[in-house]
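*Asks:*
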Amino acid sequence: MTRADAPVTPPVVLTVAGSDSGGGAGIQADVKTIEACGGFGTSAITSVTAQNTTGVQGQHLLPIDQIEAQIEAVTGDFDVAAVKTGMLATSDVIDLVVEHAADLPNLVVDPVMVAASGDRLLAAEAEDAYEALIAEAAVVTPNADEAAVLTGRDVDNPETAERAGRDLVEMGADSALVKGGHVPGDAVVDTLVTEDGVTTFRHDRIDTEATHGSGCTLSSAIATQLAHGDDLPTAVGDSIDLLASAVRYNLDVGEGPGAVHHLVQTRNDAARHPTSEAVERAVSALVEADVSTLVPERGMTVAGATPYAETPDAVAAVEGRIARTMDGVRPNRGVRFGASTTVARALLAAREHDPAIRFAVDCRLTDAVEDALASLDGRVAAYDPGERPNGVSDDATAQWGVDRAFGTSDGTPVAVVGREGVGTDGRAMLLAADADDLVSQVETVHETVRDDG
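Counted the way UniProt numbering counts, the sequence shown spans residues 1 to 453.
#1: Is DSSP giving Gly423 helix, strand or coil here?
#2: Once the 5 residues before and after Asp186 are set aside, which same chain residues still bring their CB inside 8 Å of it?
#3: Quick check on Ile71 - is its C-beta less than 8 Å from some C-beta in chain B?
#4: Which residues in the same chain as Ile222 place their Cβ atom closer than 8 Å to its Cβ, once the five residues preceding and following it in sequence are excluded?
#5: Where does the unbroken alpha helix (DSSP H) through Thr224 begin, and where does it stop?
#6: Taking Cβ positions, are Leu133 and Ala89 nearer each other than 8 Å?
#7: Go through the region 156-193 residue by residue and report every complete run of the beta strand (DSSP E) that reaches 3 residues or more, in order.
#8: Note down, in chain order, each residue of its chain lying with its Cβ closer than 8 Å to the Cβ of Arg267, except the 5 sequence neighbours on either side.
#9: Could you tell me the alpha carbon to alpha carbon distance between Ile34 and Val169, rounded to whole angstroms?
#10: If Pro105 sits next to Ala82, beta carbons under 8 Å apart, how far is it from one beta carbon to the other, in whole angstroms?
#11: By DSSP's criteria, Pro331 is part of a beta bridge. Which residues make up the other side?
#12: Helix, strand or coil for Ile206, going by three-state DSSP, please let me know.
#13: Based on the DSSP output, what are the partners of Asp362 in its beta bridges?
#14: What does DSSP give as the partner residue(s) for Gly58 in the beta ladder?
#15: Kindly indicate which residue of Ala382, Ala381 and Arg404 has the alpha-carbon position closest to the one of Val392.
#16: Suppose contacts are defined by Cβ-Cβ distances below 8 Å. Is Ala303 in contact with Ala360 by that definition?
#17: With respect to the alpha helix (DSSP H) encompassing residue 455, which residues constitute its N-terminal and C-terminal limits?
#18: DSSP puts Gly418 in a beta bridge; with which residues?
#19: With a cut-off of 8 Å on the beta carbons, I'd call Ser276 and Val343 a contact; round off their distance for me.
#20: Nearest-angstrom Cα distance between Pro7 and Ala270?
#21: Of the choices Asn157, Thr42, Gly426 and Gly23, whose alpha-carbon is the least far from that of Pro296?
#22: Pull the bridge partners of Val108 from the DSSP assignment, please.
#23: What are the boundary residues of the alpha helix (DSSP H) that Gly38 is part of?
#24: Considering only the alpha carbon of each residue, which of Glu288, Val247, Asp92 and Glu280 lies closest to Glu443?
#25: Look at the alpha carbon of Val417 and the alpha carbon of Gly213, and state the distance between them as a whole number of angstroms.
#26: Between which two residues does the alpha helix (DSSP H) containing Ser245 stretch?
#27: By Cβ distance below 6 Å, which residues in the same chain neighbour Thr200 in space, the five residues on each side in sequence not counted?
#28: Just to confirm before moving on: does the CB-CB distance between Thr311 and Ser375 stay below 8 Å?
#29: Got a sec? Which residues, its chain only, sit under 6 Å from Tyr249 by beta carbon, not counting five neighbours each side?
#30: Have a look at Arg272, Cys216 and Cys363 and flag the residue whose alpha-carbon is nearest the alpha-carbon of Gly338.
#31: Can you find the residues in the same chain that come closer than 6 Å, C-beta to C-beta, to Asp436, ignoring five residues on each side of it along the sequence?
#32: Look at the alpha carbon of Leu251 and the alpha carbon of Thr217, and state the distance between them as a whole number of angstroms.
#33: Mapping DSSP to helix, strand and coil, what is Phe78?
#34: In terms of residues, what are the limits of the beta strand (DSSP E) holding residue 465?
#35: Is the distance from the Cβ of Arg450 to the Cβ of Pro413 below 8 Å?
#36: Could you pull out every residue in the same chain whose Cβ sits closer than 6 Å to the Cβ of Gln51, ignoring the five residues on either side in sequence?
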């Protein structure tokens, strides 16, 4: 039979930038990110680069009339909701974008000057031309080095970043996001400046050189969020969160430093249902095995994190825990994301040391259980809750303890034990990359305790 169509209408975002044959930056990164953020990506290619993870081997600027034809083709047909610029290469291309600025809503200007590899992507004579384009920008997103070129002000801390941002707003931009990735420090501080005030976004620095495409990804995400109608602080904040995950879970491709993971959020969202199902299967297996000897008085929590989980709301767990009954064990309720805080945060702490870990279960800790942990194929790490710093709350003890245990363990442990002294109650947390492996570990400990008893 003939089926009725069911069209959708995503916001259209245009990127005016160069092509990266290596796929990590430029037009390729922009379109991937726009689509990942729920937009429809269109493009006007300014330059074709021969490029990979090791650097730029060559570049060819397209004729100005061809670049203009692409812009007009897109704006003449599509209802463009936002535009971002990347590699513009020469003053003539910058001037062209300025001429069309009236038809380019929510214009996000990423003043690309140098590639992550250090190769120059903007002619030196074109630096001054950016002033006219900045005056047309809804947001301009320079890194510290680009901000220094545009404003003549060295950017080496959040205070100078704010001053540079104010300079860019005085040049006519509605707002300026001065990125802190090139500023030394354990934290990356991005500074958003508008006429109304300053907002800073802080996140831990990721220890990696795989940042190829980071600027393209961030500016494309901001443009797409603006196209969806988000207010500026929300668009910028959500885009920075996406980039932080994209950098941490970067793509290990090529011989040089890899690229950021443009689709990290999309992949993570797609994994929610399979992760929840894996936790449900693990719960069913433990109920069938009747692991009563391992269920604490407070109940047992089985938790599973999505592949790129960063917060407890990306961790699925048994709501209300698994409880002991007269007839064995049973879950109080079903599995849902965000159901756990203590075990979820402890699991996330383990993932800081080994992101491959995705599943965890907290077990009752007795002398017999502690002895049985030795039957597992892997090391067991321990911490003393009595050494918990004053600033760590009771609810955060497991999180602190797992982090401490991993820090003192030679490699990834299969279990982490926390007990204050011999004979006192404590916590045993089993960890695994796979839900089936987690169940196998729990069953091994359970059978060992039962056989020894």
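From the three backbone atoms N, C-alpha and C, an ideal C-beta is built for every residue, glycine too.
*Replies:* In this structure, then:
#1: Confidence at Gly423 is low in this model, with a pLDDT of 43, below 50, so the placement of that residue should be treated as unreliable; the coordinate-derived value is given next. Of the three classes helix, strand and coil, the one that applies to Gly423 here is coil, per DSSP.
#2: Around Asp186: Asp204 and Arg205.
#3: Chain labels in this structure do not include chain B; a single protein chain is all it has.
#4: Same-chain partners within the cutoff: Lys84, Val108, Val139, Thr141, Leu177, Ala235, Val236 and Ser239.
#5: In the DSSP annotation of this structure, the continuous segment of the alpha helix (DSSP H) that includes Thr224 starts and ends at Ser214 to Ala227.
#6: No, the pair does not count as a contact, with Cβ atoms beyond the cut-off.
#7: For the region 156-193, whole beta strand (DSSP E) runs of length 3 or above, ordered along the chain, are 175-178.
#8: Same-chain partners within the cutoff: His261, Pro307 and Tyr308.
#9: Going by the C-alpha atoms only, they are around 26 Å apart.
#10: With a Cβ gap of about 6 Å, Pro105 and Ala82 count as contacting.
#11: For Pro331, the beta-bridge partners assigned by DSSP are Ile322.
#12: Under the three-state reduction of DSSP output, Ile206 falls in the coil class, being neither helix nor strand.
#13: According to DSSP, Asp362 bridges with Met429.
#14: Per DSSP, Ala50.
#15: Ranked by Cα distance from Val392, the options Ala382, Ala381 and Arg404 are led by Arg404.
#16: Pairing Ala303 with Ala360 gives a Cβ-Cβ distance under 8 Å.
#17: Since the first residue shown for the chain is 1 and the last is 453, residue 455 is missing from the structure and cannot be characterised.
#18: According to DSSP, Gly418 bridges with Tyr383 and Arg427.
#19: Wrong, their Cβ atoms sit about 15 Å apart, outside the cutoff.
#20: Linking Pro7 to Ala270 through their CA atoms gives a straight-line distance of about 22 Å.
#21: When each option's Cα is compared against that of Pro296, the closest is Gly426.
#22: Under DSSP, Val108 shares a beta bridge with Lys84 and Val139.
#23: Premise fails: Gly38 is in no alpha helix (DSSP H) and is neither H nor E.
#24: Residue nearest to Glu443 within the set Glu288, Val247, Asp92 and Glu280 is Glu288 (criterion: CA-CA distance).
#25: Going from the Cα of Val417 to the Cα of Gly213 covers about 41 Å.
#26: Looking at the DSSP string, the run of the alpha helix (DSSP H) that includes Ser245 is Leu232 to Arg248.
#27: Same-chain partners within the cutoff: Val189 and Thr191.
#28: No, they are not a contact pair.
#29: Around Tyr249, the same chain offers His261, Val264 and Tyr308 as residues with beta carbons nearer than 6 Å, after the five sequence neighbours per side are excluded.
#30: Ranking Arg272, Cys216 and Cys363 by Cα distance to Gly338 puts Arg272 first.
#31: Closer than 6 Å at Cβ, skipping near neighbours: no residue.
#32: Rounded to the nearest angstrom, the gap between the Cα atoms of Leu251 and Thr217 is 14 Å.
#33: If DSSP states are grouped into helix, strand and coil, Phe78 belongs with coil.
#34: This structure cannot settle anything about residue 465, because the visible part of the chain is limited to 1 through 453.
#35: Not a contact, by the Cβ cut-off of 8 Å.
#36: Excluding residues within five positions, the ones whose Cβ falls inside 6 Å are Asp20, Ser21 and Gly22.
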